[in-house]
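Numbers in our numbering are just positions in the sequence shown, counted from 1, shifted up by 171.
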Amino acid sequence: MDLFAQTQKYHQDGDFEQALAGYQALLAEDQDNPQLSYLLALLFFEKKRLDEAAHWFTRVVTLAPEAAPAHYNLGIIFFEQGNYPQAALAYEEAAKLCPEDADIFFNLALTRKKLGQFDKAFSCYEKVLEITPDAEDALYNIGVLCKDLHHHADGIWFFEQVIRINPDHAQALNNLGYLYHMERDVDKAITTYQKLIALDYNTIMASHMLAALTGQTTATAPEGYIRRVFDSFSEHFDESLVDKLGYTVPAQLRALLTGKASHRFPSILDMGCGTGLSGEAFQDLAEKLIGLDLSPKMLEVAGKKGLYDSLHETDICSFLRENQDLFDLVLAADVFIYVGDLREIFTLVKKRTAIGGIFLFSTELADQGFCLKPMGRYGHAESYIRDLAKESGFTVLQVTVANIRKEKEEWVTGYLYMLRA
């Protein structure tokens, strides 16, 4: 058996060291052989030694620019390494050489999306569908792209095509439920959430939203649901909430202090701190600023801002039960929309608030008591909050009607409260 055949056998058998030695010996005799360079690149690629694989695939395309598989594999490597501009260039070269290869255009679409080139990503997915009209993954991903761009009607159409091909595609159903819900197509949203529960997929979210749409009121949103929602939004949370939905609740809560309690506070607790929007509004008033949240990814964003003295991944009640510190200002900006029954929280906040300390928070509206509203958030009546404040020992200093955020271009109205311990 000659050296080339023996080396290929070593490669096929998974004997990396022997295959490596063989290819190196062969290349020493024929250094400009693109086939040998390609096989050595594959050997490194299969071992996840990506830098060395990229070196040899680059050698291949230098020697043989028409080698589409080498361009394609370079695209995979650069994408894996987060070098999306180079990945796009590599996939483009592969696409020029193989214009009917759907996989190349699919990967190029993923890369374009990573680069924020959404129109180009859309065009690549369309090319995939020209080649393979019922490509389930392409239909699904173009649906996700439409959803992310808030093109809800288009997103619904593409996800429905996925369901036509695969009625049990849980991720497509999950997105469809969300989009039907956003578009107020209640019957379809209910049916979709019921199907998700039957498939045992994302049942915590589906059950919560099903309760919201069918008029059931629960005590609180499930922790797993809250964590999953905010983990998924963390990367673009500030942009989405502030720029697109007009969210200014932290600044509005800060304004309540003007002329009443705008001095510096020895210790501020930011409950449900998220990415730190309230921290930004109140940091200059804090000697010490503590944040807590259920979402680790939101806390990661908050931590990078350098606002907080400490951050805690926990729920509100657990933190307040276990922590023995007293706080001079307690914040809950847009937090109680995920909690219906606030009795325990109020009791615990009162215990952990210094005498004369301030409790600032926002709520959405309800006619009486608390209720789970159709969009999956809780509302609280002013009378309910006043009763809880009195019961737990707070004095209500101020209640203000406020615009909380936009929903389908209309303001969601709520209340801002300032209580004193």
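For each residue, glycine too, the CB sits at the ideal point set by N, CA and C.
Item checked: Distance between Ile275 and Val232 (C-alpha atoms, nearest Å) -> Within the sequence shown, the letter at position 61 stands for residue 232. Within the sequence shown, the letter at position 104 stands for residue 275. Whole-angstrom Cα-Cα distance: 17 Å.
Notebook entry, point to check: Once you ignore the five residues that flank Lys285 on each side, which residues in its own chain have a CB closer than 7 Å to its CB?
Noted result: Along the sequence shown, one-based indexing puts residue 285 at 114. Same-chain partners within the cutoff: Tyr255.
Next item on the list: Can you check the stretch 505–588 for any beta strand (DSSP E) of at least 3 residues that lies completely inside it and give the ranges in chain order?
Entry: 524–535, 541–543, 549–551 and 566–578
Notebook entry, point to check: Alpha carbon to alpha carbon, what distance is there between Glu331 and Leu370?
Noted result: Taking the sequence shown and counting its residues from 1, one reaches residue 370 at position 199. Taking the sequence shown and counting its residues from 1, one reaches residue 331 at position 160. Between Leu370 and Glu331, the C-alpha separation is close to 17 Å.
Next item on the list: State the DSSP-derived secondary structure class of Gly386, mapped to helix, strand or coil.
Entry: Position 215 of the sequence shown, counted from the start, is the residue given in the question as residue 386. Gly386 falls in the coil class under three-state DSSP.
Notebook entry, point to check: In whole angstroms, what separates the C-alpha of Leu198 from that of Arg230?
Noted result: Within the sequence shown, numbered from 1, the residue matching residue 198 stands at position 27. Within the sequence shown, numbered from 1, the residue matching residue 230 stands at position 59. The alpha-carbon atoms of Leu198 and Arg230 are separated by roughly 12 Å.
Next item on the list: From the DSSP output, in three-state form, read off Arg355 for me.
Entry: Indexing the sequence shown from 1 puts residue 355 at position 184. It is coil, neither helix nor strand.
Item checked: Segment limits, beta strand (DSSP E) that includes Ala503 -> To locate residue 503, count along the sequence shown from 1; it is residue 332. Counting along the chain, the beta strand (DSSP E) containing Ala503 begins and ends at Phe498 to Ala503.
Next item on the list: Assign Asp319 to one of three DSSP states: helix, strand, or coil.
Entry: As a first step, residue 319 must be located in the sequence shown, where it is residue number 148. DSSP places Asp319 in helix when its eight states are reduced to three.
Check: Using a Cβ-Cβ cut-off of 8 Å (strictly less than) and excluding sequence neighbours within five positions of His434, which residues of its own chain qualify?
Finding: Numbered from its first residue, the sequence shown carries residue 434 at position 263. Once the five neighbours on either side are set aside, the close Cβ partners of His434 are Leu456.
Next item on the list: Return the CA-CA distance between Thr446 and Ala309, expressed in angstroms with no decimal places.
Entry: The residue labelled residue 446 in the question sits at position 275 within the sequence shown. The residue labelled residue 309 in the question sits at position 138 within the sequence shown. Thr446 and Ala309: Cα-Cα distance of roughly 32 Å.
Checklist line | Segments of 3+ residues assigned as beta strand (DSSP E) that fall wholly inside the stretch 232–296 | finding: none
Margin query: Does Val357 pass the burial test, meaning 16 or more other C-beta atoms within 10 Å, or should it be called exposed?
Written below: On the sequence shown, position 186 is the one that residue 357 refers to. With fewer than 16 other Cβ atoms within 10 Å, it is exposed.
Check: Among the residues of its own chain, which have a CB less than 8 Å from the CB of Cys488, if the five just before and after it don't count?
Finding: As a first step, residue 488 is located in the sequence shown; it is residue number 317 there, counting from the start. Within the same chain, Cys488 has close Cβ partners Glu515, Ile516 and Leu519.
Next item on the list: Going by DSSP, name the residue or residues bridged to His483.
Entry: Position 312 of the sequence shown, counted from the start, is the residue given in the question as residue 483. For His483, which the question treats as bridged, DSSP gives the partners Leu463.
Notebook entry, point to check: DSSP state of Thr429, grouped into three classes?
Noted result: Numbered from 1 along the sequence shown, position 258 holds the residue referred to as residue 429. Reduced to three states, the DSSP call for Thr429 is coil.
Check: For Gln387, which residues of its own chain have a beta-carbon under 7 Å away from its beta-carbon, when the five flanking residues on both sides are left out?
Finding: Counted from its first residue, the sequence shown places residue 387 at position 216. Around Gln387: Leu543.
Check: Is His321 buried or exposed, if buried means 16 or more other CB atoms sit within 10 Å of its CB?
Finding: Position 150 of the sequence shown holds residue 321. Exposed, because fewer than 16 other Cβ atoms sit within 10 Å of the Cβ of His321.
Check: Out of curiosity, what's the CA-to-CA distance linking Ile508 and Ala292?
Finding: Residue mapping note: residue 508 aligns to position 337 of the sequence shown, counting from 1. Residue mapping note: residue 292 aligns to position 121 of the sequence shown, counting from 1. Approximately 36 Å, taken between the alpha carbons.
Notebook entry, point to check: Taking the alpha carbon of Leu448 as the point to measure from, which residue in Gln495, Val510, Val506 and Thr485 has its own alpha carbon closest?
Noted result: As a position in the sequence shown, residue 448 is number 277, starting the count at 1. Ranked by Cα distance from Leu448, the options Gln495, Val510, Val506 and Thr485 are led by Val506.
Next item on the list: For Asp441, count neighbouring C-beta atoms within 10 Å of its own C-beta (all shown protein chains included) and say buried if the count is 16 or more, exposed if not.
Entry: As a position in the sequence shown, residue 441 is number 270, starting the count at 1. Classified as buried, Asp441 has 16 or more neighbouring CB atoms from the shown chains inside 10 Å of its CB.
Next item on the list: Within the same chain, show all residues whose beta-carbon is closer than 7 Å to that of Asp480, passing over the 5 residues directly before and after it, in chain order.
Entry: Translated into positions along the sequence shown, residue 480 becomes position 309. Contacts found: Lys459, Leu460 and Ile461.
Note to self: Tell me the DSSP secondary structure of Arg591 in three-state form.
What the structure shows: Taking the first residue of the sequence shown as position 1, residue 591 is located at position 420. Looking at Arg591 - three-state DSSP - the assignment turns out to be strand.
Notebook entry, point to check: Glu471: which of Tyr549, Ala422, Asp496 and Phe404 sits nearest, CA to CA?
Noted result: Start at 1 with the first residue of the sequence shown, and residue 471 comes out as number 300. Ranking Tyr549, Ala422, Asp496 and Phe404 by Cα distance to Glu471 puts Phe404 first.
Check: Can you tell which of Ala261, Pro236, Ala239 and Gln365 has the C-alpha that lies nearest to the C-alpha of Ile248?
Finding: Here residue 248 is taken as the residue at index 77 of the sequence shown, counted from 1. Selected option, being the one with the closest Cα: Ala261.
Note to self: Helix, strand or coil, according to DSSP, for Thr303 in the structure here?
What the structure shows: The residue given as residue 303 occupies position 132 in the sequence shown. If DSSP states are grouped into helix, strand and coil, Thr303 belongs with coil.
Item checked: Which listed residue (Glu237, Leu427, Val420 and Leu234) has its alpha carbon closest to that of Glu451 -> Along the sequence shown, one-based indexing puts residue 451 at 280. Ranking Glu237, Leu427, Val420 and Leu234 by Cα distance to Glu451 puts Val420 first.
Note to self: Just verifying my parser: in three-state terms, what is the DSSP assignment at Ala457?
What the structure shows: Counting from one through the sequence shown, the residue named residue 457 turns up at place 286. Ala457: strand per DSSP, three-state reduction.
Check: With distances taken from CA atoms, which of Ile327, Arg591, Ala341 and Arg335 is nearest Tyr351?
Finding: Counted from its first residue, the sequence shown places residue 351 at position 180. Nearest of Ile327, Arg591, Ala341 and Arg335 to Tyr351, Cα basis: Ile327.
Note to self: With the cut-off set at 9 Å, would you say Ala503 and Ala592 are in Cβ contact?
What the structure shows: For the purposes of this step, residue 503 is taken as residue 332 along the sequence shown, with counting starting at 1. For the purposes of this step, residue 592 is taken as residue 421 along the sequence shown, with counting starting at 1. Contact flag unset, no.
Notebook entry, point to check: Between the Cα of Ile375 and the Cα atoms of Gly314, Gly547 and Gln206, which residue gives the shortest distance?
Noted result: Within the sequence shown, numbered from 1, the residue matching residue 375 stands at position 204. Checked all of Gly314, Gly547 and Gln206; the closest Cα to Ile375 is Gly547.
Next item on the list: Could you pull the start and end residues of the beta strand (DSSP E) that Leu440 belongs to?
Entry: Position 269 of the sequence shown, counted from the first residue, corresponds to residue 440. First-last of the beta strand (DSSP E) with Leu440: Ile439 to Met442.
Notebook entry, point to check: What number of angstroms, rounded off, separates the C-alpha of Pro545 from the C-alpha of Ala280?
Noted result: Walking along the sequence shown from the start, residue 545 turns up at place 374. Walking along the sequence shown from the start, residue 280 turns up at place 109. For Pro545 and Ala280, the distance between alpha carbons rounds to 35 Å.
Next item on the list: Could you name the residues of the same chain whose beta carbon sits closer than 6 Å to that of Ser208, not counting the 5 residues immediately before and after it, in chain order?
Entry: For the purposes of this step, residue 208 is identified with residue 37 of the sequence shown, where counting begins at 1. For Ser208, where only same-chain residues beyond five positions count, the Cβ hits under 6 Å are Trp227, Arg230 and Val231.
Margin query: On the criterion of 16 or more Cβ atoms from any shown chain inside 10 Å, does Val299 qualify as buried, or is it exposed?
Written below: Indexing the sequence shown from 1 puts residue 299 at position 128. Buried: at least 16 other Cβ atoms inside 10 Å.
Checklist line | Pair within 9 Å by beta-carbon distance, Ala360 and Ile368 | finding: Stepping through the sequence shown from its first residue, residue 360 is reached at position 189. Stepping through the sequence shown from its first residue, residue 368 is reached at position 197. No, the Cβ-Cβ distance between Ala360 and Ile368 is not below 9 Å.
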